[in-house]
Amino acid sequence: MKTNFKDELRIAFPTSDEERVDEHFGHCKSFAIFTVKEGKVLKKEFVQAPPHAPGVLPRFLGELNASTIITGGMGQMAINLFKEQGIEVILGARGSIIENLNEYLGGELESEGSACDHHHDESCSH
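Residue numbering for the sequence shown follows the numbering used here, starting at 6 and increasing by one per position.
Encoded structure:
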């Protein structure tokens with residue numbers, strides 16, 4: 006599915022090293038946010054993440070006008086909160102932020118996997 010480029014997009018990636026996607030967005034140090042229009046990156050910025058608490062990150066990214074979050078995984082409640090903010094959620098991302106961004110812009114990155122449904126004291130593959 007090709008991404009619609011008529012509108013300006015703000016695509017957020019959770020990260021701790023400014024190069025790779027953190028596979029669980031709630032544990033990241035910052036967000037890489039790309040402003041994209043007509044398939045071209047207009048701006049790249051890194052924004053420090055606020056302390057993690059239920060509902061904080063969806064509101065935070067909503068206030069930053071994010072249109073999409075691309076991450077490894079997140080819980081169903083967080084997915085619902087992002088949707089309430091009008092933010093598209095793409096799950097299953099791993100590795101390079103730039104590679105994931107290019108795949109998304111090329112229509113090659115689709116959400117995969119399921120929401121994280123464990124308690125945070127249990128182990129998780131993301």
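Built from N, CA and C at the ideal position, the CB exists for glycine as well.
Every value quoted in this text rests on a predicted model; they were computed, and no experiment measured them.
Report all residues from its chain with a CB closer than 8 Å to the CB of residue i; omit the five preceding and five following residues, and keep chain order.
i	result
residue 95	73, 74, 75, 76, 109, 114, 115 and 116
residue 20	26, 27, 33, 34, 35, 36, 37, 51 and 102
residue 54	19, 33, 34, 35, 36, 62 and 65
residue 89	63
Between which residues of its own chain and residue i is the CB-CB distance below 6 Å, once the five residues before and five after are set aside?
i	result
residue 31	57
residue 18	26, 37, 75 and 102
residue 49	39
residue 47	40
residue 23	51
residue 14	41 and 72
residue 86	60 and 63
Answer yes or no: does any C-beta atom of chain D fall closer than 7 Å to that of residue i?
i	result
residue 91	Structure shown: chain D not included; a single protein chain is present.
Quick check: what's the CA-CA separation for residue i versus residue j?
i	j	result
residue 60	residue 45	31 Å
residue 104	residue 98	10 Å
residue 81	residue 43	31 Å
residue 29	residue 106	17 Å
Leaving out five residues before and five after residue i in sequence, what residues of the same chain have Cβ atoms less than 7 Å from its Cβ?
i	result
residue 68	none
residue 100	25 and 26
Going by the CB atoms, is the gap between residue j and residue i shorter than 7 Å?
i	j	result
residue 92	residue 71	yes
At 4 residues or longer, and completely inside the region 84-117: list those alpha helix (DSSP H) runs for me, N to C.
-> 102-110
Those runs of the alpha helix (DSSP H) which lie wholly inside the region 16-74 and span at least 4 residues | 61-68
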